[in-house]
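Novice: I'd like to ask some things about the structure below.
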Amino acid sequence: MKEKYDFQEVEKKWQGRWAAENLYVVPDFSDRPKYYCLEMFPYPSGKLHMGHVRNYSIGDVVARFKTMEGYHVLHPMGWDAFGLPAENAAIKHGGIHPADWTVDNIDNMREQLKQLGISYDWNREVATCHPEYYRWTQWLFLQLFHQGLAYKKQAAVNWCTDCATVLANEQVKDGSCERCGAPVEKRELAQWFFKITDYAERLLKDIDLLGGWPDKVKIMQEHWIGRSEGTEIDFKVVGHDEVITVFTTRPDTVFGVTYMVLAPEHPLVEKLVAGTDYEAEIKEFVRKVSNMSEIDRTSNEIEKIGLPTGAYCINPVNGEKVPVLIGNYVLLEYGTGCVMGVAAHDQRDFEFAKKYDFPIRVVIQPPGEDLDPAAMEGAYEEEGVLVNSEQFDGMPNTEAIKAITEYLEQKGWGRFRVNFRLRDWLISRQRYWGAPIPIVYCERCGTVPVPESELPVLLPREVEFRPTGQSPLAECPEFVNTVCPACGGPAKRETDTMDTFMCSSWYYFRYTSPRETAGPWDKAKVDRWLPVDQYIGGVEHAILHLLYSRFFTKVLYDLKLVSVQEPFTNLLTQGMVLKDGTKMSKSKGNVISPEDIVARYGADTARLFILFAAPPERDLEWSDQGVEGCYRFLNRVWRLVAPLADKIKSAADDAPRAKQVGANREMLRVTHGTIKKVTDDIGARFNFNTAVSAIMELVNALYQYKELPETDRDQGVLREAIDALLLLLAPFAPHITEEIWEATGHTGSIHSQPWPVYDELAIKEEEITIVVQTNGKVRERLLVPAGLSADALREKVLGEPRVQQLIEGKKLVKVIPVPDKLVNIVIK
RNA sequence: GCGGGCGUGGCGGAAUGGCAGACGCGCUGGACUUAGGAUCCAGUGGGGGCAACCUCGUGCGGGUUCAACUCCCGCCGCCCGCACCA
């Protein structure tokens with residue numbers, strides 16, 4: 017073994033050998049229990065960033081650990097390779113084709129991942145932009161289409177002005193594009209949607225099945241789905257043959273309605289004002305509102321404005337005529353796009369009514385109080401008893417919710433209804449670099465799905481990349497013009513491509529049979545591997561990717577294409593990598609490049625630091641000095657073993673544990689205690705940072721131990737300790753441990769060894785230092801035999817002269833013995 | 001506004017309700033050395049004491065308990081998510 021740790025040489029050597037020996041290639045089937053360890057695949061943006069390094073280092077520890085524990089582990093990697101940056105690069109730099117740009121980036125990043133020594137089965141690599149992959153993305157689209165789950169409709173959709181394409185609801189953040197931050201507008205366009213709302217109830221209910229997910233993510237999804245129970249009530253419009261249907265969660269307040277507000281874009285508005293004095297003003301207002309950016313529109317600061325339409329509608333329960341307005345705060349997308357105004361019992365309505373002088377009618381009376389509408393300073397939203405509500409007077413409002421709904425149903429004026437916040441998933445994108453939607457429009461046959469046998473609908477290579485608001489495919493006649501699969505007549509292809517979240521909603525199935533050509537996957541293989549046992553990635557995907565993937569899995573389950581209802585059993589959302597307290601970004605100039613770190617310290621150091629510096633789900637503060645420390649530690653391990661390697665080689669195979677005494681006994685104890693702690697920290701707690709610190713402590717103990725005179729130590733004990741050290745460290749620092757493993761005379765890769773098992777007997781202490789407290793304060797430490805019962809411990813401690821001194825002259829109130837830990841003596 | 005998380009030395013962070021600060025960084029001292037920014041050893045929360053020790057200490061204020069960083073209640077601060085949801 018060389019005297020000095022040359023990480024470059026070591027890492028290169030083993031990366032080459034692992035690849036040559038196919039060490040990480042996983043067979044499809046095995047008798048061993050399976051374990052599917054998956055990290056979110058990256059968008060091939062060019063280079064890995066520290067977030068990737070963290071994500072994949074965590075996954076690699078889990079995968080290697082589970083492999084050593086004897087599981088048949090699937091640990092694949094691939095590329096979320098369609099998407100805007102490639103196309104934007106083509107627009108910006110001319111000359112470079114998105115496909116070439118993407119392939120170059122993939123090659124580059126694959127190389128980086130290999131340099132990190134992550135144990136991927138590269139035979140299973142997939143890239144979503146590959147025709148053999150998107151062929152099946154298109155195939156899956158067709159399955160949804162045939163199920164009636166894919167449909168095209170004209171709708172006011174989110175339009176990113178910068179990306180020049182529509183966005184899904186989930187991709188709009190604070191009224192801006194989630195990706196580029198540009199303002200989002202509303203546009204009326206015909207777009208393809210997936211009916212994820214059909215699955216809203218199941219997506220919500222099955223959150224219960226996600227025991228291994230962080231509560232935070234589950235709550236976010238719950239909120240996003242946003243189930244609420246309420247009542248729909250029909251209000252007839254005076255003088256029109258129209259009905260305004262309103263959704264409310266408070267049908268108990270229906271007798272308190274004094275006006276009605278529609279969303280400006282509500283389809284009825286135009287009809288109600290046509291030909292009236294109000295028409296001009298309303299139309300002007302609607303135009304103004306719909307031209308506002310999403311940011312301004314949804315801002316809380318904005319003043320609530322209402323305009324009368326001149327129309328009136330009839331409250332079915334009391335026959336009252338109430339005015340119909342439009343209001344800028346009413347959202348067309350939610351509920352039925354209108355709100356009934358109950359000023360007395362809704363704070364927002366209250367303020368609105370004050371501003372426009374609508375009557376405030378109390379219909380819920382708080383217990384023991386008499387609300388005076390004139391004196392009210394805010395709405396009363398709590399529970400109470402109904403008043404001014406005819407036959408419902410005197411009923412507690414919680415009961416009235418049900419009773420009034422039943423009454424309305426009986427009369428045919430309304431109905432119980434569950435409403436969701438979740439909208440259908442808009443999957444059309446007016447961009448080039450995505451999977452084409454496999455649909456053809458024929459003048460005679462209408463919308464015709466491309467037959468499965470004609471997939472994939474290939475992306476043409478030669479197109480113009482100008483962001484015009486139309487897909488570049490639309491300007492490519494060779495692509496657009498086709499024949500109708502149904503009648504053979506001339507037809508035009510759909511030119512929108514699919515949201516890339518569609519590609520990433522099923523890739524984890526594809527890994528199980530990545531080269532399958534007869535279908536998207538081989539059912540037996542999918543059944544072998546799914547569900548994913550551990551999924552690891554950033555929280556930023558808490559809603560988008562994870563919700564879409566759950567939706568896909570449920571659809572595929574219903575189609576009997578997969579046998580699981582949920583794709584990911586356990587989810588770990590890793591924290592961000594920060595520098596100087598903030599996210600690394602080019603503009604802040606605080607980016608640390610993984611390449612530099614690997615070049616300077618090696619992959620093992622980089623991985624070790626990132627796992628040591630913080631628990632995985634918390635944010636991690638980057639520290640150059642911390643990296644130095646980890647580098648020092650690996651050097652320390654090297655220097656510990658280097659001079660001993662030859663001796664260890666020739667040591668006996670087994671240290672006779674039972675016979676060891678003194679320092680040897682202690683060394684064994686530390687060794688096995690460390691095995692126990694590290695096994696628990698990785699396997700049960702995912703606390704890699706404390707696992708690493710336990711290994712560091714083992715190394716510290718070994719440094720002490722090796723300084724002993726040779727006659728005082730046992731070669732077998734030393735060897736056992738060093739073997740354990742290497743095995744425990746192997747998932748974190750795979751290269752250096754492999755090198756030392758070989759140098760200490762082992763044959764076969766360390767990564768194929770069984771995980772060490774601790775010996776209960778070796779850990780067992782004969783004597784333990786316990787703490788003696790009086791009134792909860794530490795006063796003494798005593799060495800007592802291990803395993804004393806509570807009673808024996810009490811007697812033993814009270815019998816000690818030093819303890820006698822402590823309690824002398826005091827009144828003994830109580831003694832609490834905690835075996836092997838402490839004794840607390842309560843005295844007065 | 002609603003929901004979630006966090007708050008512990010100079011720093012990153014440890015502590016199934018049971019010795020607060022493991023491990024690492026930094027710092028201080030020592031050893032080795034021509035030299036060390038290498039390595040090894042020791043020390044390192046505040047205050048007090050020559051010392052054994054004493055005392056205070058986990059954002060703040062209460063509570064439960066023999067015992068609270070940990071559990072409960074009320075605040076304060078920071079971070080994240082959602083946000084006119086009818």
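Using our numbering, the first residue of the first sequence is number 17, and each one after it goes up by one.
Note that the Cβ used here is the ideal one computed from N, Cα and C, for glycine as well.
1. Taking only runs that begin and end inside the segment 145-182, name each unbroken alpha helix (DSSP H) of 4 or more residues, in chain order.
2. Please determine, among Met-600, Arg-673, His-557 and His-751, the residue with the shortest C-alpha to C-alpha distance to Phe-57.
3. Is it the case that the segment 453-473 contacts the segment 516-532, given that we only count it when at least three CB pairs across the two stretches are under 8 Å?
4. So for Arg-445, helix, strand or coil by DSSP?
5. What's the gap between the Cα of Leu-323 and the Cα of Ile-417?
6. By the DSSP assignment, the beta strand (DSSP E) with Ala-507 in it spans what residues?
7. Taking the straight line between their C-alpha atoms, what separation do you get for Gly-246 and Thr-264?
8. Quick one: Cα of Ala-845 to Cα of Met-712, how far?
9. In this structure, how does DSSP classify Trp-138 when only helix, strand and coil are distinguished?
10. Determine the burial state of Tyr-719: buried for a count of at least 16 other Cβ atoms within 10 Å of its Cβ, exposed for fewer.
11. Which residue marks the beginning of the alpha helix (DSSP H) containing Leu-777, and which one marks its end?
12. From Val-41 to Arg-126, what does the alpha carbon distance come to, in whole angstroms?
13. Using 10 angstroms around the beta-carbon of Pro-49, count the other beta-carbons present and answer buried if the total reaches 16, otherwise exposed.
14. Out of Gly-505, Asp-224 and Arg-433, which has the shortest C-alpha to C-alpha gap to Thr-352?
15. In whole angstroms, what is the alpha-carbon distance linking Asp-44 and Lys-722?
16. Give me the residue from Asp-362, Lys-595, Asp-365 and Phe-649 with the minimum Cα distance to Thr-621.
17. Measure the CB-CB distance between Gln-426 and Gly-400 and report whether it falls below 7 Å.
18. If I measure Cβ to Cβ from Glu-844 and keep anything under 7 Å in the same chain, skipping five residues before and after, which residues do I get?
19. Can you list the alpha helix (DSSP H) stretches of 4 or more residues lying completely in the segment 393-450, in chain order?
20. With a cut-off of 8 Å on the beta carbons, I'd call Thr-528 and Gly-450 a contact; round off their distance for me.
21. For Lys-169 and Ala-206, which I take to be in contact (beta-carbon distance under 8 Å), what is that distance rounded to the nearest angstrom?
22. Only counting the same chain, and skipping five residues up and downstream in sequence, which positions put a Cβ closer than 6 Å to that of Val-302?
23. Just how far apart, CA to CA, sit Phe-23 and Thr-753?
24. Please report the straight-line C-alpha distance between Met-84 and Ala-619, rounded to a whole angstrom.
25. From Gly-505 to Pro-493, what distance separates their C-alpha atoms?
26. Do you know whose CA, among Tyr-72, Val-188, Ala-802 and Cys-53, lies nearest Leu-929's CA?
27. Return the Cβ separation of Leu-219 and Arg-566 in integer angstroms, given the expectation that the two are a contact with Cβ distance under 8 Å.
28. I'd like the list of long-range same chain contacts for Ile-112, defined as Cβ closer than 8 Å, with 5 residues on each side in sequence excluded.
29. Quick check: is any heavy atom of the ligand GTP less than 6 Å from the C-beta of Lys-692?
30. For Met-276, write down the residues that DSSP places opposite it in a beta bridge.
31. Out of Glu-682, Val-831, Pro-772 and Ser-768, state which residue places its alpha-carbon closest to the alpha-carbon of Glu-783.
32. Just curious, the alpha helix (DSSP H) that Lys-693 is in, first and last residue?
33. Which two residues bound the contiguous beta strand (DSSP E) that contains His-751?
34. Identify, in the order they occur along the chain, each residue of the same chain with its Cβ nearer than 7 Å to the Cβ of Lys-130, setting aside the five sequence neighbours on each side.
35. Reducing DSSP to helix, strand and coil, say where Val-496 ends up.
36. Answer yes or no: do Pro-465 and Phe-161 have a C-beta to C-beta separation smaller than 7 Å?
Specialist: On the basis of the coordinates in this document:
1. Complete alpha helix (DSSP H) runs here, min 4: 147-162.
2. Against the first sequence, residue 57 aligns to sequence position 41. For the set Met-600, Arg-673, His-557 and His-751, the Cα lying nearest the Cα of Phe-57 is the one of His-557.
3. Touching, no.
4. One-based indexing of the first sequence puts residue 445 at position 429. It is a strand residue.
5. The residue labelled residue 323 in the question sits at position 307 within the first sequence. The residue labelled residue 417 in the question sits at position 401 within the first sequence. Each residue's Cα considered, the two are about 30 Å apart.
6. Numbered from 1 along the first sequence, position 491 holds the residue referred to as residue 507. Membership of Ala-507 in the beta strand (DSSP E) is indicated by the continuous run 506-509.
7. Locating residue 246 in the first sequence gives position 230, counting from the first residue. Locating residue 264 in the first sequence gives position 248, counting from the first residue. Put simply, the backbone Cα of Gly-246 is about 5 Å away from that of Thr-264.
8. Lying outside 17 to 844, the shown extent of the chain, residue 845 is not represented and no answer is given.
9. As a working note, residue 138 is residue 122 in the first sequence. In this structure, Trp-138 counts as helix in the three-state DSSP scheme.
10. On the first sequence, residue 719 is found 703 positions in, with the first residue counted as 1. Taking a 10 Å sphere around the C-beta of Tyr-719, we find fewer than 16 other C-beta atoms and assign the residue as exposed.
11. The sequence position of residue 777 within the first sequence is 761, counting from 1. Here the alpha helix (DSSP H) through Leu-777 covers 776-779.
12. Counting from 1 along the first sequence, the entry for residue 41 is found at position 25. Counting from 1 along the first sequence, the entry for residue 126 is found at position 110. Each residue's alpha carbon lies about 16 Å from the other.
13. The residue labelled residue 49 in the question sits at position 33 within the first sequence. Label assigned to Pro-49: exposed.
14. In the first sequence, residue 352 corresponds to position 336, counting from 1. Ranking Gly-505, Asp-224 and Arg-433 by Cα distance to Thr-352 puts Arg-433 first.
15. Position 28 of the first sequence, counting from 1, holds the residue named residue 44. Position 706 of the first sequence, counting from 1, holds the residue named residue 722. Asp-44 and Lys-722: Cα-Cα distance of roughly 45 Å.
16. Along the first sequence, one-based indexing puts residue 621 at 605. The shortest C-alpha separation from Thr-621 is found at Phe-649.
17. The residue labelled residue 426 in the question sits at position 410 within the first sequence. The residue labelled residue 400 in the question sits at position 384 within the first sequence. No, they are not a contact pair.
18. To locate residue 844, count along the first sequence from 1; it is residue 828. Note that residue 844 is Lys in the sequence shown, not Glu. Hits under 7 Å: Lys-826, Lys-827 and Val-829.
19. The segment 393-450 contains, as complete alpha helix (DSSP H) runs of 4+ residues, the segments 413-427 (chain order).
20. As a working note, residue 528 is residue 512 in the first sequence. As a working note, residue 450 is residue 434 in the first sequence. Wrong, their Cβ atoms sit about 24 Å apart, outside the cutoff.
21. Sequence index remark: in the first sequence, residue 169 carries index 153 (1-based). Sequence index remark: in the first sequence, residue 206 carries index 190 (1-based). In this structure, Lys-169 and Ala-206 form a Cβ contact; the two beta carbons are roughly 7 Å apart against a cut-off of 8 Å.
22. Translated into positions along the first sequence, residue 302 becomes position 286. Taken in chain order, the residues that qualify are Pro-280.
23. The residue labelled residue 23 in the question sits at position 7 within the first sequence. The residue labelled residue 753 in the question sits at position 737 within the first sequence. Distance between the alpha carbons of Phe-23 and Thr-753: 11 Å.
24. For the purposes of this step, residue 84 is taken as the residue at position 68 of the first sequence. For the purposes of this step, residue 619 is taken as the residue at position 603 of the first sequence. If I take the Cα positions, the gap works out to 21 Å.
25. Working through the first sequence from its first residue, we reach residue 505 at position 489. Working through the first sequence from its first residue, we reach residue 493 at position 477. Using only the alpha carbons, I get a separation of about 16 Å.
26. What is shown of the chain runs 17 to 844, which leaves residue 929 out entirely.
27. Taking the first residue of the first sequence as 1, we reach residue 219 at position 203. Taking the first residue of the first sequence as 1, we reach residue 566 at position 550. About 6 Å separates the CB atoms of Leu-219 and Arg-566; that is less than 8 Å, so the two are in contact.
28. As a first step, residue 112 is located in the first sequence; it is residue number 96 there, counting from the start. Excluding sequence neighbours, Ile-112 sits near Ala-105 and Ala-106.
29. This structure lacks the ligand GTP; in fact it carries no ligand of any kind.
30. By 1-based counting over the first sequence, the position of residue 276 is 260. DSSP output for Met-276 lists Val-340 and Met-356 as bridge partner(s).
31. Your numbering for residue 783 matches position 767 in the first sequence. When C-alpha distances from Glu-783 are compared across Glu-682, Val-831, Pro-772 and Ser-768, the shortest belongs to Glu-682.
32. Here residue 693 refers to the residue found at position 677 when the first sequence is read from its first residue. Segment 678-696, the alpha helix (DSSP H) holding Lys-693.
33. On the first sequence, residue 751 is found 735 positions in, with the first residue counted as 1. Element bounds for His-751: not the beta strand (DSSP E) but the alpha helix (DSSP H), 750-759.
34. One-based indexing of the first sequence puts residue 130 at position 114. Excluding positions up to five away in sequence, the list reads Gln-31.
35. Numbered from its first residue, the first sequence carries residue 496 at position 480. Three-state DSSP puts Val-496 in a helix.
36. Here the question's residue 465 lines up with position 449 in the first sequence. Here the question's residue 161 lines up with position 145 in the first sequence. Yes, the pair counts as a contact, with Cβ atoms nearer than the cut-off.
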